[in-house]
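Visitor: This structure is in structure tokens; I'll ask about it shortly.
Pasting the structure below:
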């Protein structure tokens, strides 16, 4: 099916899959898989059959199974054989994939986290080396990459590849628990959205004046802190909700995190409900105009935002070991 | 002894004039820092030439209108083309007094031009500099300082919260309304964009130069040095500036979640503007309070004008307008019986509402006069000069090039031009 047809199919089916975040994300998966199939077909016809086994994974909100209606692309490839020719084959394929996703409606990733970028398309062995480098280098960029990779979810191919690579991360953290503190620093800065008077801190200027930055102020505290706890506990799950479920099954977290999944679920719900009505471009999706909320919704939203801060503080104390877990 | 006092007073007045003229430098830094690179040379340069023009006009007619004899309801009518003559019975050099007053007239004009920033034609500056200095400023100054009807009424305005700051701000207000917002300031949906100034360090330096200059502005307004009262005036001035900065930091932090630097800078200035009227009439604790209120007020005033879609690039309306009104009213609340050498004590010192009423009336009439007359003059200019504003294209390339054919930051722009030429 050509990309243009997938896009048409998407535009037609779109509204049938907006009842819940899960329905929406199932739809995203289906669509991305369709794009993959088309891209692969094209690539094979030009460059011949796939030389070895591989895994195609998505990251970011796609990896966490919590994409909004519009979301940019973040993905990478792991393949079995290590040689220059295979590398060429997959990087070129990555370019086709990125192009296809863009045509269907997933904008290119600003940070170039895409299979078309050799950083994100590597053989198993190279991936292992790269992860070790990221773990030991501890630069701002390598830590960012590591956190992005940690949300990887295999959509096509060998799931074990990704799982094995994450084991490297888990082992390293077990040996170097202080590394978590370094990761914590990377996600410490949160854009506050509730102020001193318990008022919303909306954007004062620009096209989004009067809106709160839902991505940075709402989602980030939940996503980032739950990810850190997941890393600490070597969890395999990649979505924030399933990570929370796994954490809540551990008695040490149960008492402190039981409320969290419900709040995050509401956040997903708000974004979906609100953006069904007003979405013009990828930029808009991150903002929520509080004028559109009812009085009760405003109250609830503040609660969600403040609880995000609470989660942040809790995670800090867990990672820094000031609380026994 | 009398001779020594005469000399000391005169030195003090010239020193005051010097500090107030130095405030033009503060305004250059403040305005240039708060606006974009492409207009920097223009903003700096126009301040110098308009002050020059204002000096000549003040010598020719301004001084006579304010302080001359044979006065009618609006102005005095002697001492034109002031020769430097010593007025009889004055405890200081009249020429020094002239210089001090000239410096004030120049500041008021520069404040008015804040409302012109980044979009007015150079010729509009030229014409309005003359008209403002002839028709607007001298009338208000005569009413309050030149023995006019507001002076007789007992209006307290020690160093010019109303005369200098509010008058300038009202002209700026009229100008912003007629000039309309800068390109790109407001969006179709009514929200506003932040057009960032190009150098916050300049802006902050500008504030400090103004802060220091203000000791000449307020301290110099004692005119005489005996009993060292100017020291007390300086003390109050400094307290209000400090309180304004602190209040602005606190309010912006509480409301925005971050302490906003432009707000802090505006807070210090608003504190200074507010204490200008009251610095000689109130106790130190009141000076702190007056500055503090000014710092909060300026924050909300900026938001208010933004909501009205009035584009005020360097916050002249909020700092000098809102600050000037509050400062003038503040003496009606806090003037003490001992210090109220003009008028009566304020509300909190058993003076009742009478002084507050005098202040409110004086500030309203002065503001109204300055606004209406400036508006009419600018409106007429707009008709006669076929617009006050540069063309859209000129505004986009910047006034440095469109008005002066040169750049304030040549390297930053000419390199790009070269590149484009090669690329084409």
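Protein chains in written order, with this note's numbering: chain A, 5 to 329; chain B, 689 to 1112.
Even glycine gets a Cβ: it sits at the ideal position worked out from N, Cα and C.
Just so you know, these numbers come straight off a predicted model, no measurement behind them.
Assuming contact is defined by CB atoms lying nearer than 8 Å, are residue 336(A) and residue 248(A) in contact in what I supplied?
Guide: In this structure chain A extends from 5 to 329, so residue 336(A) is not present and cannot be described.
Visitor: With a Cβ-Cβ cutoff of 8 Å, do residue 940(B) and residue 987(B) count as a contact?
Guide: In contact: residue 940(B) and residue 987(B) (Cβ atoms closer than 8 Å).
Visitor: With 8 Å set as the bound, which would you pick, yes or no: does the beta-carbon of residue 164(A) sit closer than that to a beta-carbon of chain B?
Guide: Answer no: the Cβ-Cβ gap between residue 164(A) and chain B never drops below 8 Å.
Visitor: Relative to the alpha-carbon of residue 768(B), which residue among 1045(B), 746(B), 716(B) has its alpha-carbon at the smallest distance?
Guide: Comparing Cα positions, the closest option is 746(B).
Visitor: Residues of chain B with CB under 7 Å from residue 66(A), in chain order?
Guide: In chain order: nothing, as chain B lies at least about 31 Å away.
Visitor: Taking 7 Å as the limit between beta carbons, can you name the residues of its chain near residue 813(B), skipping five residues before and five after?
Guide: Excluding residues within five positions, the ones whose Cβ falls inside 7 Å are 734, 738, 801, 804.
Visitor: Which residue marks the beginning of the beta strand (DSSP E) containing residue 125(A), and which one marks its end?
Guide: Per DSSP, residue 125(A) belongs to the beta strand (DSSP E) from 125 to 127.
Visitor: Please go through the same chain and pick out, in chain order, the residues whose beta-carbon is closer than 6 Å to the beta-carbon of residue 853(B), but skip the five residues on each side of it.
Guide: Closer than 6 Å at the Cβ level, and outside the excluded window around residue 853(B), lie 961, 1008, 1012.
Visitor: In chain B, which residues lie with their C-beta within 8 Å of the C-beta of residue 209(A)?
Guide: The answer, in chain order, is 879, 880, 881, 882.
Visitor: For residue 197(A), name the three-state secondary structure that DSSP assigns.
Guide: Coil.
Visitor: Report the start-end ranges of each beta strand (DSSP E) in the region 128 to 164 of chain A that is 3 residues or longer and not cut off at the edges.
Guide: 157 to 161, all fully within the region 128 to 164 of chain A.
Visitor: Starting from the C-beta of residue 120(A), find all residues in its chain whose C-beta is less than 6 Å away, skip the five residues before and the five after it, and write them out in chain order.
Guide: Around residue 120(A): 98, 99, 102.
Visitor: Can you find a CB in chain A that lies within less than 8 Å of the CB of residue 942(B)?
Guide: It does; some Cβ of chain A falls within 8 Å.
Visitor: With distances taken Cα to Cα, identify the nearest neighbour of residue 118(A) among 202(A), 137(A), 233(A), 63(A).
Guide: The candidate whose alpha carbon is nearest that of residue 118(A) is 63(A).
Visitor: Could you pull out every residue in the same chain whose Cβ sits closer than 8 Å to the Cβ of residue 194(A), ignoring the five residues on either side in sequence?
Guide: Only 220, 221, 224, 225, 312, 313, 316 meet the Cβ criterion.
Visitor: Cα separation between residue 1079(B) and residue 860(B)?
Guide: One C-alpha to the other measures close to 20 Å.
Visitor: Find the nearest neighbour of residue 190(A) within the set 198(A), 171(A), 213(A), 232(A), judged by alpha-carbon distance.
Guide: Minimum Cα distance to residue 190(A) is reached at 232(A).
Visitor: For residue 870(B), which of helix, strand or coil comes out of DSSP?
Guide: Residue 870(B): coil per DSSP, three-state reduction.
Visitor: Please tell me whether residue 218(A) has its Cβ less than 8 Å away from any Cβ of chain B.
Guide: Answer no: the Cβ-Cβ gap between residue 218(A) and chain B never drops below 8 Å.
Visitor: Indicate whether residue 1041(B) and residue 966(B) have their beta-carbon atoms separated by less than 8 Å.
Guide: No. Outside cutoff.
Visitor: Quick check on this structure: which residue in 160(A), 132(A), 188(A) has the alpha carbon closest to the alpha carbon of residue 151(A)?
Guide: When each option's Cα is compared against that of residue 151(A), the closest is 188(A).
Visitor: What three-state label does DSSP hand residue 766(B) in the structure shown?
Guide: Of the three classes helix, strand and coil, the one that applies to residue 766(B) here is coil, per DSSP.
Visitor: Contact defined as beta carbons within less than 8 Å: I believe residue 60(A) pairs with residue 40(A). What is the distance between those atoms, to the nearest angstrom?
Guide: Contact flag correct, Cβ pair sits at about 6 Å.
Visitor: Indicate the three-state DSSP secondary structure (helix, strand or coil) for residue 217(A) in the structure shown.
Guide: Three-state DSSP puts residue 217(A) in a strand.
Visitor: Taking the CB atoms as reference points, tell me whether residue 764(B) and residue 772(B) lie closer together than 8 Å.
Guide: No. Outside cutoff.
Visitor: To the nearest angstrom, report how far apart residue 57(A) and residue 180(A) are at their CA atoms.
Guide: Roughly 33 Å between the two C-alpha positions.
Visitor: Among 5(A), 183(A), 158(A), 46(A), which residue has its Cα nearest to the Cα of residue 325(A)?
Guide: For the residues 5(A), 183(A), 158(A), 46(A), the minimum Cα distance to residue 325(A) belongs to 183(A).
Visitor: At what residues does the beta strand (DSSP E) containing residue 853(B) begin and finish?
Guide: Careful: residue 853(B) lies outside any beta strand (DSSP E) and carries neither H nor E.
Visitor: Give the DSSP bridge partners of residue 880(B), in chain order.
Guide: 874(B), per the DSSP bridge assignment.
Visitor: Are the region 698 to 716 of chain B and the region 895 to 910 of chain B in contact at 8 Å, needing three or more beta carbon pairs?
Guide: Taking 8 Å as the limit for Cβ pairs, the verdict is that the region 895 to 910 of chain B does touch the region 698 to 716 of chain B.
Visitor: Chain B beta carbons: is any one of them nearer than 8 Å to that of residue 297(A)?
Guide: For residue 297(A), the answer is no, since every Cβ of chain B falls outside 8 Å of its Cβ.
Visitor: Strictly below 7 Å CB to CB, what residues from chain B border residue 105(A)?
Guide: What residue 105(A) touches in chain B: nothing, since even the nearest Cβ is about 31 Å away.
Visitor: For a cutoff of 8 Å on Cβ pairs, would you count residue 205(A) as touching chain B?
Guide: With 8 Å as the cut-off, residue 205(A) counts as an interface residue toward chain B.
Visitor: When the Cα of residue 288(A) is compared with those of 72(A), 240(A), 125(A), 158(A), which residue comes out closest?
Guide: It is 72(A).
Visitor: Whole angstroms are fine: how far does the CA of residue 170(A) sit from the CA of residue 104(A)?
Guide: Rounded to the nearest angstrom, the two C-alpha atoms are 28 Å apart.
Visitor: Could you run through the region 862 to 876 of chain B and flag, in chain order, every residue whose CB is less than 8 Å away from some CB of chain A?
Guide: Here the close residues are 875.
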